[in-house]
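Q:
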Amino acid sequence: MNQTLYIKNMVCPRCIMAVETVLDELEIPYKSVQLGQVDFSQAIPKGKMESLDKKLTGLGFELLESGKSSLISQIKTLIIDQIHHKNEALRVNFSTLLSDQLHHDYTYLSRLFSSVEGITIEKFITKQRIEKVKEMLFYDELTLAEIAFKLDYSSSAYLSTQFKKETGMTPSQFKKMHSPDRRHLDSL
0 MNQTLYIKNM VCPRCIMAVE TVLDELEIPY KSVQLGQVDF SQAIPKGKME
50 SLDKKLTGLG FELLESGKSS LISQIKTLII DQIHHKNEAL RVNFSTLLSD
100 QLHHDYTYLS RLFSSVEGIT IEKFITKQRI EKVKEMLFYD ELTLAEIAFK
150 LDYSSSAYLS TQFKKETGMT PSQFKKMHSP DRRHLDSL
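Here the sequence shown stands for residues 0 to 187, where the numbers follow numbering that gives the first Met the number 0.
(1) Report the rounded CA-to-CA distance for K75 versus I82, giving the unit in angstroms.
(2) What is the rounded straight-line gap between the Cα of Y157 and the Cα of N1?
(3) Measure the C-alpha to C-alpha separation of E202 and R110 and round it to an integer number of angstroms.
(4) In this structure, does DSSP put I124 in helix, strand or coil?
(5) Pair every Cβ in the segment 101 to 110 with every Cβ in the segment 123 to 134, then say whether three or more of these pairs are closer than 8 Å.
(6) Below 7 Å between beta carbons: does that hold for M16 and G35?
(7) Counting only runs of 3+ residues fully inside the segment 44 to 122, write out the beta strand (DSSP E) ranges in chain order.
(8) For I78, would you say it is in contact with chain C, using Cβ-to-Cβ distances shorter than 7 Å as the test?
(9) So the candidates are K85, G57, K67 and I6; which of them puts its Cα closest to the Cα of L150?
(10) Nearest to K54 by alpha carbon, out of N92, E165, E26 and S98?
Have a look at this one:
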């Protein structure tokens, strides 16, 4: 019997490695570990599940029950993965991506997300994109126009407007800061 666990706060490849390490330490065999989820070929015994929960919590992760909270975690994971970890541009809009991947109508996903998180999916996507822009500005490897193109903004002017609206400063002002205000992805 296959089992899937959903884990909150898995936002990067290091998180995947940390979860794999915990699973190996507890000698829990798994099929795959991805952002936000672990697939098993068999059910995990209750005692091992409690140990897993305790170790993951100690690392800042949270096991999610099946249902609405895991669906919200999956929405966040798909968005974070697409914006922060994929190099190729999204060929469909986020609403289509989320509906196709999660097998739910986007209207349902949007209402659920807003009711639990207190912000819309679109606002969450904007916050993630702005954090990615901050990262790219911080490393100073691309021009603003290149960043706008890479993150699918219609223009660098629109990116600048959205950046100022979210952060209160222009991208140029942000670049001049010595210790920029960047946030952990799981806190957005």
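C-beta atoms are modelled at their ideal positions from N, C-alpha and C, and glycine is treated no differently.
A: Judging by the given coordinates:
(1) If you take the alpha carbons of K75 and I82, they lie about 11 Å apart.
(2) 46 Å
(3) Residue 202 is absent from the model: the chain starts at 0 and stops at 187.
(4) helix
(5) no
(6) Not in contact: M16 and G35 (Cβ atoms no closer than 7 Å).
(7) Within the segment 44 to 122, the complete beta strand (DSSP E) runs of at least 3 residues are 61 to 63.
(8) The displayed structure is made up of one protein chain only, and chain C is not part of it.
(9) K85
(10) E26
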